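Trainee:
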Amino acid sequence: MKINLFISLLFNLVYVARGNHKPNILFIFADDYGFNDVGYHGSEIKTPVLDKLANEGVILEKYYVQPICTPTRSTMLTGRYQIHTGLQHGSIHPAQPNSLPLDETTIADKLSESGYKTHIVGKWHNGYYKKECMPTYRGFDSYFGYLNGREDYYTHVRSGGYPELLPFSSWSGYDLRRNETVSTKEKGEYSTFLFAKEAQKVITNHDSSSPLFLYLAFQAVHAPLQVPEQYIQQYEGVIKDKNRRTYAGMVSAMDEAIGNVTKTLQEKGLWNNTVLIFSTDNGGQVYKGGNNWPLRGGKGTLWEGGVRGVGFVNSPLLTKPRRVSHEMIHVSDWFPTLVKLAGGDLNGTKPLDGFNVWETINTGEPSPRIELLHNIDPVKTPWYSEWWSHGYQWCPQAALRVGDWKLLTGCPGDSRWIPPPNSSLNLNEENYLNNDTKKLFLFNIAQDPEERHELSSQYPEKVKELLLRLAEYNSTAVPVRYPHPDLAANPALHHGVWSPWVTSEHTDITA
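Letter 355 of the sequence shown, counting from 1, is numbered 355 in UniProt numbering, and no numbers are missing.
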């Protein structure tokens with residue numbers, strides 16, 4: 001205890017000596033970035049900037065995110081599980097009158113209270129059906145980016161309002177804004193470098209008398225697969241699969257862009273008092289060039305390939321850098337960790353699901369997190385229904401991690417192990433086993449991180465224990481918010497632009 005107190009006091013003295021006890025924070029999200037798509041995991045994709053930053057910092061090898069976009073981003077912003085914000089089913093579609101609930105306190109709100117200048121660049125994807133849902137109403141001083149989940153990297157046009165349904169799937173609209181105003185002069189600029197350039201501008205213009213929180217959410221490397229040709233050429237003859245080759249070029253472009261941003265921090269004189277967090281938002285999309293080998297599954301699934309993410313922290317302020325952490329950390333932990341690191345308090349927030357893991361990252365202390373709810377989605381339920389005697393209906397898609405054990409119920413998603421397209425690894429029949437008729441799975445992740453040995457029949461008492469814990473979590477869940485699409489969202493009604501379409505007087509379904 002005395003040693004820990006001494007380290008904390010010394011850490012604070014270092015801040016004071018630097019003239020600013022509050023560190024600058026750069027949080028970077030990569031979109032749909034796979035576990036096997038970074039150099040330090042042995043990928044064929046070149047990521048020299050990310051590799052250097054990771055190896056000089058702390059690599060988080062037991063880092064977890066949510067399986068898709070909106071849930072991960074909303075969880076990072078609030079420190080709360082999907083089941084507690086009503087966003088436990090899917091991402092927000094363009095035509096849905098839905099958003100991160102307006103009564104949720106965001107990390108930007110709390111950092112603003114601590115004197116930070118807060119900026120977001122890139123992807124929002126937390127809803128915008130009314131203006132109060134926009135980033136500048138959620139604690140951010142400025143915003144430059146796009147509101148939806150995907151778009152063209154050059155034209156910044158999003159086509160398709162609700163892919164499964166007509167007429168919404170035929171809609172198309174422009175999606176790029178500076179604060180609340182549509183910004184069209186950037187048409188034709190590749191978004192990876194456009195967003196990096198904007199982040200550099202924010203850093204250059206920052207008044208160093210205040211600490212900086214910069215949330216940089218790249219569009220890369222989400223589909224569509226687009227990148228300047230020179231970034232693809234370096235993989236000619238190396239990667240045969242066209243999608244994988246283009247995806248690799250997109251990763252290399254993002255890697256270069258991140259290097260440009262960190263260089264600007266150094267030139268501005270901010271780097272020595274900055275904490276950089278890099279995170280994917282979910283597993284790689286294996287149908288669009290991404291890869292999560294050797295993990296099972298990918299984006300949109302509750303298998304490890306969908307939720308175990310690439311993540312690391314780099315900072316000159318780290319007490320014990322240049323190491324790999326195998327402690328459990330979840331994307332919800334960033335909220336309390338960064339707010340406390342910034343000298344703030346957690347008053348005024350709803351009950352948090354995240355933990356302060358700074359000392360786990362900084363000095364290697366054991367993580368305070370010993371369990372993790374991946375999600376409970378009552379909408380994703382097969383036609384059959386089966387109940388455990390203690391009251392949990394275990395057909396909904398759900399997953400829970402407690403210690404070394406992971407329980408999955410319902411249909412966790414595509415269950416294959418998919419090696420890179422150019423791999424010489426054999427795809428055995430095991431990869432194509434259909435689990436549609438199985439509704440419950442148990443794995444010891446510490447011994448079996450690839451989820452190859454299902455143990456539910458061997459450990460029935462462990463299954464009961466985890467089902468009971470899952471039922472406890474389920475009892476705290478709020479109703480799912482997943483409204484029907486709204487015809488009034490059509491960009492054709494808003495000058496060809498995806499825009500808020502509900503006025504403030506209307507009842508707020510997300511409050």
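Ideal Cβ placement from N, Cα and C applies to all residues, glycine included.
It should be emphasised that the depicted structure is a prediction, and the values quoted were computed from it without experimental measurement.
Let me check understanding here. Comparing Cα to Cα, which of Val-38, Lys-22, Ile-25 and Leu-26 lies closest to Val-310?
Mentor: If you number the sequence shown from 1, residue 310 lands on position 310. Closest option to Val-310, Cα to Cα, is Val-38.
Trainee: Helix, strand or coil: which one does DSSP assign to Trp-303?
Mentor: The count along the sequence shown starts at 1 and reaches residue 303 at position 303. Trp-303 falls in the coil class under three-state DSSP.
Trainee: What are the partner residues of Trp-417, as DSSP defines its beta bridges?
Mentor: Locating residue 417 in the sequence shown gives position 417, where the first residue counts as 1. Bridge partners of Trp-417: Arg-296.
Trainee: Closer than 8 angstroms by C-beta to His-156: which residues in its own chain qualify, once you throw out the five before and the five after it? Chain order, please.
Mentor: For the purposes of this step, residue 156 is taken as residue 156 along the sequence shown, with counting starting at 1. So the list reads Tyr-146, Tyr-174, Asp-175, Leu-176, Glu-186, Lys-187 and Ser-191, once near-sequence residues are dropped.
Trainee: CA-CA distance, Ala-446 and Lys-52?
Mentor: Numbered from its first residue, the sequence shown carries residue 446 at position 446. Numbered from its first residue, the sequence shown carries residue 52 at position 52. Ala-446 and Lys-52: Cα-Cα distance of roughly 27 angstroms.
Trainee: How many Å lie between Phe-195 and Tyr-116 at the Cα?
Mentor: Here residue 195 is taken as the residue at index 195 of the sequence shown, counted from 1. Here residue 116 is taken as the residue at index 116 of the sequence shown, counted from 1. In a straight line, the C-alpha of Phe-195 is about 21 angstroms away from that of Tyr-116.
Trainee: For residue 514 and Pro-321, what's the separation of their Cα atoms in angstroms?
Mentor: Since the displayed the chain opens at 1 and closes at 511, residue 514 lies outside it and no answer follows.
Trainee: Pull up the distance between the alpha-carbon of Val-497 and that of Ile-203, whole angstroms please.
Mentor: For the purposes of this step, residue 497 is taken as the residue at position 497 of the sequence shown. For the purposes of this step, residue 203 is taken as the residue at position 203 of the sequence shown. Near 29 angstroms, if we compare the C-alpha coordinates of Ile-203 and Val-497.
Trainee: Under 8 angstroms between the Cβ atoms of Gln-96 and Asn-375?
Mentor: As a working mapping, residue 96 is identified with position 96 in the sequence shown. As a working mapping, residue 375 is identified with position 375 in the sequence shown. Result no, Cβ atoms of Gln-96 and Asn-375 do not sit closer than 8 angstroms.
Trainee: Taking only three categories from DSSP, how would you classify Thr-409?
Mentor: Taking the first residue of the sequence shown as 1, we reach residue 409 at position 409. Looking at Thr-409 - three-state DSSP - the assignment turns out to be strand.
Trainee: Confirm the yes/no value for this check: CB of Arg-150, any heavy atom of the ligand MN, distance under 7 angstroms.
Mentor: The ligand MN is not part of the structure shown, which contains no ligands of any sort.
Trainee: Can you check which of these residues, Ile-239, Asn-205, Glu-327 and His-222, is closest to Glu-267 by C-alpha distance?
Mentor: Your numbering for residue 267 matches position 267 in the sequence shown. The residue with the shortest Cα to Cα distance from Glu-267 is Asn-205.
Trainee: Whole angstroms are fine: how far does the CA of Thr-78 sit from the CA of Lys-350?
Mentor: Counting from one through the sequence shown, the residue named residue 350 turns up at place 350. Counting from one through the sequence shown, the residue named residue 78 turns up at place 78. Roughly 9 angstroms separates the two Cα atoms.
Trainee: Relative to the C-alpha of Phe-278, which residue among Asn-291, Gly-269, Thr-262 and Gly-289 is closest?
Mentor: By 1-based counting over the sequence shown, the position of residue 278 is 278. Comparing Cα-Cα distances from Phe-278 to each of Asn-291, Gly-269, Thr-262 and Gly-289, the minimum goes to Thr-262.
Trainee: Looking at the secondary structure, which residues open and close the beta strand (DSSP E) in which Tyr-143 lies?
Mentor: In the sequence shown, counting from the first residue as 1, residue 143 sits at position 143. Element bounds for Tyr-143: 142-146.
Trainee: Select from Ala-217, Leu-165 and Val-286 the residue whose C-alpha is nearest the C-alpha of Thr-280.
Mentor: As a working note, residue 280 is residue 280 in the sequence shown. The option with the nearest alpha carbon to Thr-280 is Ala-217.
Trainee: Under 8 angstroms between the Cβ atoms of Gly-86 and Pro-396?
Mentor: By one-based count along the sequence shown, residue 86 stands at place 86. By one-based count along the sequence shown, residue 396 stands at place 396. The answer is no: Cβ separation not under 8 angstroms.
Trainee: Jot down the residue ranges of each uninterrupted beta strand (DSSP E) in the region 17-65, minimum 3 residues, whole runs only, in chain order.
Mentor: 24-30 and 58-60, all fully within the region 17-65.
Trainee: Can you check whether the CB of Thr-246 is closer than 8 angstroms to the CB of Gly-300?
Mentor: Taking the sequence shown and counting its residues from 1, one reaches residue 300 at position 300. Taking the sequence shown and counting its residues from 1, one reaches residue 246 at position 246. No, the Cβ-Cβ distance between Gly-300 and Thr-246 is not below 8 angstroms.
Trainee: Confirm, please, whether the CB-CB distance from Cys-133 to Leu-111 is below 8 angstroms.
Mentor: Locating residue 111 in the sequence shown gives position 111, where the first residue counts as 1. Locating residue 133 in the sequence shown gives position 133, where the first residue counts as 1. No, the pair does not count as a contact, with Cβ atoms beyond the cut-off.
Trainee: Report all residues from its chain with a CB closer than 8 angstroms to the CB of Asn-431; omit the five preceding and five following residues, and keep chain order.
Mentor: Locating residue 431 in the sequence shown gives position 431, counting from the first residue. With a pLDDT of only 49 at Asn-431, under the threshold of 50, the placement of this residue in the model should not be trusted, and no figure is reported.
Trainee: List, from N- to C-terminal side, the beta strand (DSSP E) runs of 3 residues or more that fit wholly inside the region 247-327.
Mentor: Fully enclosed beta strand (DSSP E) runs of 3 or longer: 274-280, 311-314 and 323-325.
Trainee: Considering only C-alpha positions, which residue in the set Tyr-473, Phe-443 and Val-307 is nearest to Pro-460?
Mentor: Within the sequence shown, the letter at position 460 stands for residue 460. Nearest of Tyr-473, Phe-443 and Val-307 to Pro-460, Cα basis: Phe-443.
Trainee: Do Phe-29 and Asn-292 have their CB atoms nearer than 8 angstroms?
Mentor: Counting from one through the sequence shown, the residue named residue 29 turns up at place 29. Counting from one through the sequence shown, the residue named residue 292 turns up at place 292. Going by C-beta atoms, Phe-29 is not nearer than 8 angstroms to Asn-292.
Trainee: Going by beta-carbon coordinates alone, are Ser-499 and Lys-130 separated by less than 8 angstroms?
Mentor: Residue 499 sits at position 499 when you count from the first residue of the sequence shown. Residue 130 sits at position 130 when you count from the first residue of the sequence shown. Cβ atoms of Ser-499 and Lys-130: not closer than 8 angstroms.
Trainee: Please state whether DSSP places Phe-213 in a helix, a strand or coil.
Mentor: Within the sequence shown, residue 213 is the residue found at index 213, counting from 1. Three-state result, Phe-213: strand.
Trainee: Within 10 angstroms of the Cβ of Tyr-287, are there 16 or more other Cβ atoms? Answer buried if so, exposed if not.
Mentor: The residue you call residue 287 lines up with position 287 of the sequence shown. With fewer than 16 Cβ atoms within 10 Å of its Cβ, Tyr-287 is classed as exposed.
Trainee: Within the same chain, show all residues whose beta-carbon is closer than 7 angstroms to that of Thr-72, passing over the 5 residues directly before and after it, in chain order.
Mentor: Translated into positions along the sequence shown, residue 72 becomes position 72. Result list for Thr-72: Val-65, Gln-66, Asp-281, Asn-282 and Val-331, in chain order.
Trainee: Compare the beta carbon distance of Val-307 and Thr-337 with 8 angstroms and say whether it is the shorter of the two.
Mentor: Working through the sequence shown from its first residue, we reach residue 307 at position 307. Working through the sequence shown from its first residue, we reach residue 337 at position 337. No, they are not a contact pair.
Trainee: Return the CA-CA distance between Trp-388 and Leu-467, expressed in angstroms with no decimal places.
Mentor: If you number the sequence shown from 1, residue 388 lands on position 388. If you number the sequence shown from 1, residue 467 lands on position 467. Reliability fails at Trp-388, whose pLDDT of 44 lies under 50, so the model's placement of it is uncertain and the value that follows must be treated cautiously. Cα to Cα, the separation comes out at about 8 angstroms.
Trainee: Going by beta carbon distance, what residues of the same chain come within less than 7 angstroms of Gly-259, once the five residues before and after it are set aside?
Mentor: Here residue 259 is taken as the residue at index 259 of the sequence shown, counted from 1. Counting only Cβ-Cβ distances below 7 angstroms, and skipping sequence neighbours, we find Val-49.
Trainee: In three-state terms, what does DSSP make of Leu-111?
Mentor: Against the sequence shown, residue 111 aligns to sequence position 111. Helix at Leu-111.
Trainee: For Gly-413, I'd like the list of residues in its chain whose CB is within less than 7 angstroms of its CB, leaving aside the five on either flank, ordered along the chain.
Mentor: For the purposes of this step, residue 413 is taken as the residue at position 413 of the sequence shown. Counting only Cβ-Cβ distances below 7 angstroms, and skipping sequence neighbours, we find Gly-297, Gly-300, Thr-301, Leu-302, Trp-303 and Gly-306.
Trainee: Under 7 angstroms Cβ to Cβ from Leu-318, same chain only, skipping five residues before and after it: list those, please.
Mentor: Counted from its first residue, the sequence shown places residue 318 at position 318. Excluding sequence neighbours, Leu-318 sits near Gly-57, Val-58 and Asn-362.
Trainee: Would you mind stating whether Leu-341 and Asn-24 have Cβ atoms separated by less than 8 angstroms?
Mentor: Against the sequence shown, residue 341 aligns to sequence position 341. Against the sequence shown, residue 24 aligns to sequence position 24. Not in contact: Leu-341 and Asn-24 (Cβ atoms no closer than 8 angstroms).
Trainee: Of the residues Leu-265, Leu-225 and Thr-264, which one's Cα is nearest the Cα of Met-250?
Mentor: Within the sequence shown, residue 250 is the residue found at index 250, counting from 1. Selected option, being the one with the closest Cα: Leu-225.
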